[in-house]
Amino acid sequence: MTQASFWQNQAQAPKQTLAARIGDLAGGGVVGALAVGFCILLLAIAIFGPLTNLLLWTVAEQWYFPHTFPARYGFDFWARVFHPDGNAFVSLRYSLVIAVLTVIFCLSLAIPAGYALARLALPARALILLVFLVPQAFPNIPVHINIARVFYQLDLHGTVGAVVLVHTLHGMVYAVWIATAAFGAVDKTLEEAARDIGAGPIRTFFTITLPSAMPGIIASAIFVFLESLDEFTGTYFVGAPEITTLPMLMFRAGMEGNYQVASITALVLLVPSVLFMIVVERFLRADVLAAVGR
Amino acid sequence: MAQATAFYRTGLIMNASRFSGLLLVAPAVLFIAGLFVYPLSYSFIDAFTVAGDAGTRFSLANFVLAFELYGDDIVFTVLIVGLSAVLIASGAILIGGYITLGTNRFLVNAVRILYRWPLFIPFIVAAQCMRTFLAKNGLMNGVLIEMGMLTPLETTGFLDWRGIVITFVWKQLPFVALLVTGAMASLDRAGIEAARDLGAGRLRILWQIVVPQVMPTLIVALVLSIVTMMSVLSVPVMISGHSPTMMTVQMAFRVNAYHDYGTANALGVISYLITGLVAWIYLRRGVAGKGGEK
Numbered sequence: 172m173t174q175a176s177f178w179q180n181q182a183q184a185p186k187q188t189l190a191a192r193i194g195d196l197a198g199g200g201v202v203g204a205l206a207v208g209f210c211i212l213l214l215a216i217a218i219f220g221p222l223t224n225l226l227l228w229t230v231a232e233q234w235y236f237p238h239t240f241p242a243r244y245g246f247d248f249w250a251r252v253f254h255p256d257g258n259a260f261v262s263l264r265y266s267l268v269i270a271v272l273t274v275i276f277c278l279s280l281a282i283p284a285g286y287a288l289a290r291l292a293l294p295a296r297a298l299i300l301l302v303f304l305v306p307q308a309f310p311n312i313p314v315h316i317n318i319a320r321v322f323y324q325l326d327l328h329g330t331v332g333a334v335v336l337v338h339t340l341h342g343m344v345y346a347v348w349i350a351t352a353a354f355g356a357v358d359k360t361l362e363e364a365a366r367d368i369g370a371g372p373i374r375t376f377f378t379i380t381l382p383s384a385m386p387g388i389i390a391s392a393i394f395v396f397l398e399s400l401d402e403f404t405g406t407y408f409v410g411a412p413e414i415t416t417l418p419m420l421m422f423r424a425g426m427e428g429n430y431q432v433a434s435i436t437a438l439v440l441l442v443p444s445v446l447f448m449i450v451v452e453r454f455l456r457a458d459v460l461a462a463v464g465r
Numbered sequence: 233m234a235q236a237t238a239f240y241r242t243g244l245i246m247n248a249s250r251f252s253g254l255l256l257v258a259p260a261v262l263f264i265a266g267l268f269v270y271p272l273s274y275s276f277i278d279a280f281t282v283a284g285d286a287g288t289r290f291s292l293a294n295f296v297l298a299f300e301l302y303g304d305d306i307v308f309t310v311l312i313v314g315l316s317a318v319l320i321a322s323g324a325i326l327i328g329g330y331i332t333l334g335t336n337r338f339l340v341n342a343v344r345i346l347y348r349w350p351l352f353i354p355f356i357v358a359a360q361c362m363r364t365f366l367a368k369n370g371l372m373n374g375v376l377i378e379m380g381m382l383t384p385l386e387t388t389g390f391l392d393w394r395g396i397v398i399t400f401v402w403k404q405l406p407f408v409a410l411l412v413t414g415a416m417a418s419l420d421r422a423g424i425e426a427a428r429d430l431g432a433g434r435l436r437i438l439w440q441i442v443v444p445q446v447m448p449t450l451i452v453a454l455v456l457s458i459v460t461m462m463s464v465l466s467v468p469v470m471i472s473g474h475s476p477t478m479m480t481v482q483m484a485f486r487v488n489a490y491h492d493y494g495t496a497n498a499l500g501v502i503s504y505l506i507t508g509l510v511a512w513i514y515l516r517r518g519v520a521g522k523g524g525e526k
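Protein sequences, first through last, are from chains A and B.
For the working numbering, count along the first sequence from 1 and bump the result up by 171.
For the working numbering, count along the second sequence from 1 and bump the result up by 232.
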């Protein structure tokens, strides 16, 4: 197309006012689009304002009134927090050990239960599924208080095992429900084919069923891991003061007014959560997600 | 005869499968019984008994003391959770409604990407963000002063009931909005298109057609949110620990400072009753809704 004919075509097109053209672009009235855009901007500020504030605190060496922004930036506090003898490494180790043990314990209970709930004839199946939700349906502080007391009597209070047990309690609903949905989504004909060519039920489970359900199981493991990593209240009642996980370290630093240390610890906790939010859809297929809780 | 044997054999297999199913589910269910039901029973027993010279006996003294000392906190908790729930519901309807009915693809995607950020952020991190963001000399007031919207003399800190409500809404809105948006996405578009053809405005479509249909999802999400807000200790402690404060803080205080499990558990039972009441309203609505459909 030559330059001339291009302009000719343009001229032939029906004339539009500028407002109508912008309106078409925006898919609605100009005023409406601008108002909505402004609301979205406010939403963005409301969501990211507090997070920006946290990020600023992690690199603020000096920040006092009346400065709107930090007076001096630097990574001194990072060096202090991540000093090899610092509290952060102790807390990080506690957090990771507890989270990994929680995942192992939780899945060792949830995988058999999920398989049975998805595949085997069970009386009162819906009720059993509901049982795992109930701990999340009660305000849990009074429960934590009483677990702590039972643990005192058993001499379990303030141990890694006690914290793992409490974290497992909260992880159970994710682990069992997602595992049930994942096993439910496994193609039955594959299992039947394996049985037909002579594989036993246990071999079929480990070579066909479990690998097929693996993405869902991994998703539930991540849920349980994050739940454990972020858990505060239970650890506070059954673990404090001996077990100082990252949330406990953050809480103590925050309450002592040491905002830099609290913010750096908070950021360490934030990263896995945000990463998971971004990748969650890759692990949880829509058909598994839709079957959760059924 | 052959038929009878086959029938007998299927029966046997069914029974065997039922037995192994129960065997696989049992560890998980027993775990919940030991770590949740058992401590929960303690919470009721302790709340309704006092230890005297003649042994433990039934008494309502703990509740009398709980109401006397913490009556204000109970009212405060109900108001904070109620206000947060109303704000969360309105926000979720607006966000879900815009994603469902919005015509501008770009803005709809912007909202879709924006709103979920706080979803997996731990409460304790949210509390730390808000604690510094909303303070009298925090970033929010600082920026408002820089923009000329406030003078330094006009600033007030939000670290009281408002801070708790803001943090709860910030953290819980994405969860409720996610569920509500999902429910709205699976609605039959025909009704919406028909109303649009008849010239109904978007707000009217949202209010009269979309919202009534997603009501069950909205209420389930709100009940779960309310339970969560009734369980969080870190937010009220870190945002505003002084009296009146939320029941969760007072329960922890009663146990940590006085080893007074009676009053703490009485407060616990009151918090069960409050959430139970909310759940009961939901169930009654559900039954009424089903009756209406017939």
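Built from N, CA and C at the ideal position, the CB exists for glycine as well.
Pairing S475 (chain B) with F403 (chain A) gives a Cβ-Cβ distance that is not under 7 Å. Beta-bridge partners of Y347 (chain B) (DSSP): none assigned. The CB of F365 (chain B) comes closer than 7 Å to the CB of G220, P221 and N224 in chain A, given here in chain order. Here V439 (chain A) carries a helix assignment [DSSP, helix/strand/coil].
In this structure, G285 (chain A) keeps its C-beta atom at 7 Å or more from the C-beta atom of T229 (chain A).
Counting along the chain, the unbroken alpha helix (DSSP H) around E300 (chain B) starts and ends at A293 to L333.
In the displayed model, F407 (chain B) falls within a helix according to three-state DSSP. With a cut-off of 8 Å on Cβ pairs, the segment 398–415 of chain B is in contact with the segment 446–466 of chain B, counting three or more such pairs. About 12 Å separates the CB atoms of G342 (chain A) and V271 (chain A); that is not less than 8 Å, and the two are not in contact.
DSSP places T477 (chain B) in the coil class of the three-state scheme, outside both helix and strand. Remark: C-beta atoms of N336 (chain B) and A204 (chain A) approach each other more closely than 7 Å. Contact check for I320 (chain B) and V257 (chain B): beta-carbon distance about 35 Å, past the 8 Å limit, so the pair fails to qualify.
Within chain B, the C-beta atoms nearer than 7 Å to that of L336 (chain A) come from L267, in chain order.
Residue environment analysis places P283 (chain A) among the buried positions, since at least 16 neighbouring C-beta atoms fall within 10 angstroms of its C-beta. With its beta carbon at least 7 Å from every one in chain A, I320 (chain B) lies outside the interface.
Within chain A, not a single residue places a beta-carbon under 9 Å from that of W393 (chain B); the smallest gap is close to 18 Å.
The beta carbon of E386 (chain B) does not come within 7 Å of any beta carbon belonging to chain A, so the residue lies off that interface.
Using a 10 angstroms sphere on the CB of Q482 (chain B), the tally of other CB atoms reaches 16 or more, which defines it as buried. Here Q233 (chain A) is bridged, per DSSP, to A:R243. Per DSSP, the continuous alpha helix (DSSP H) segment holding V446 (chain B) begins and ends at V443 to S463. Relative to the Cα of I379 (chain A), the nearest Cα in the group A:C210, A:P306, A:I388 and A:V357 belongs to A:V357. In the same chain as A424 (chain A), and ignoring 5 residues on each side of it, the C-beta atoms closer than 7 Å to its own belong to V432, A433 and T436, in chain order.
For P468 (chain B), no CB of chain A lies under 7 Å from its own CB, so it is not counted at the interface with that chain. I356 (chain B) places its beta carbon less than 7 Å from that of P418 (chain A). Between I349 (chain A) and A390 (chain A), the C-beta spacing is below 7 Å.
At a cut-off of 7 Å between beta carbons, A437 (chain A) contacts chain B. If you draw a straight line from the Cα of T387 (chain B) to the Cα of A411 (chain A), it comes to about 37 Å. Residue contact check for M448 (chain A) against chain B: a CB pair falls below 7 Å. Here T281 (chain B) carries a strand assignment [DSSP, helix/strand/coil]. Using a Cβ-Cβ cut-off of 7 Å, T449 (chain B) does not count as an interface residue toward chain A, since no Cβ of chain A sits closer than that to its own.
Interface annotation, V261 (chain B): in contact with chain A, CB-CB separation under 7 Å.
Looking at the backbone, the Cα of P468 (chain B) and that of T288 (chain B) are separated by about 34 Å. When the beta-carbon positions are compared, R250 (chain B) and L333 (chain B) stay at least 7 Å from each other. Shown here, F403 (chain A) sits in coil according to DSSP, grouped into three states, outside any helix or strand. Below the 7 Å Cβ cutoff, chain A contributes no neighbours of V443 (chain B), its closest Cβ being approximately 19 Å away. With a threshold of 16 other beta carbon atoms within 10 Å, H238 (chain A) falls short and is exposed.
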